[in-house]
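Student: Before I ask anything, here is the structure I am working with.
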Amino acid sequence: MEPIYVISILGGLIILLLIAGAPMRPARLLGQTAIKLVIGALLLFFLNTAGNQFGIHIPINLFTTSIAGFLGIPGLAALVAVDIIVIG
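Position 48, counted from 1, in the sequence shown is what my numbering calls 141; the numbers after and before it change by one each time, with no gaps.
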């Protein structure tokens, strides 16, 4: 497909969304979820960097990132407790 067609289609969709209005609640929910997942991944990265000296390593995957992102510091503490008590 030619680039001019792709640009035209995207431009038309943007104009349509501006005129008709996009449903904002689902878009906002997806955006907030994505931000929380990124924050959770960053928290786990910094925990793994600092916890390397103490033998703490939490794998960064969707499950642990979701827990750390949605629950915050208490979720991170729970993951560390599971790592120390159950796994380690």
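We put the CB at the ideal spot given by N, CA and C, even for glycine.
Would you please state the rounded distance, in angstroms, between the beta carbons of Leu-172 and Thr-158? I believe it to be under 8 angstroms.
Tutor: Wrong, their Cβ atoms sit about 10 angstroms apart, outside the cutoff.
Student: Considering only the beta carbon of each residue, do Gly-133 and Ala-161 sit closer than 9 angstroms?
Tutor: Yes, they are a contact pair.
Student: Tell me where the alpha helix (DSSP H) around Val-175 begins and ends.
Tutor: Looking at the DSSP string, the run of the alpha helix (DSSP H) that includes Val-175 is 166-175.
Student: Rounding to the nearest angstrom, what Cα-Cα distance links Ile-177 and Ile-149 in this structure?
Tutor: Between Ile-177 and Ile-149, the C-alpha separation is close to 8 angstroms.
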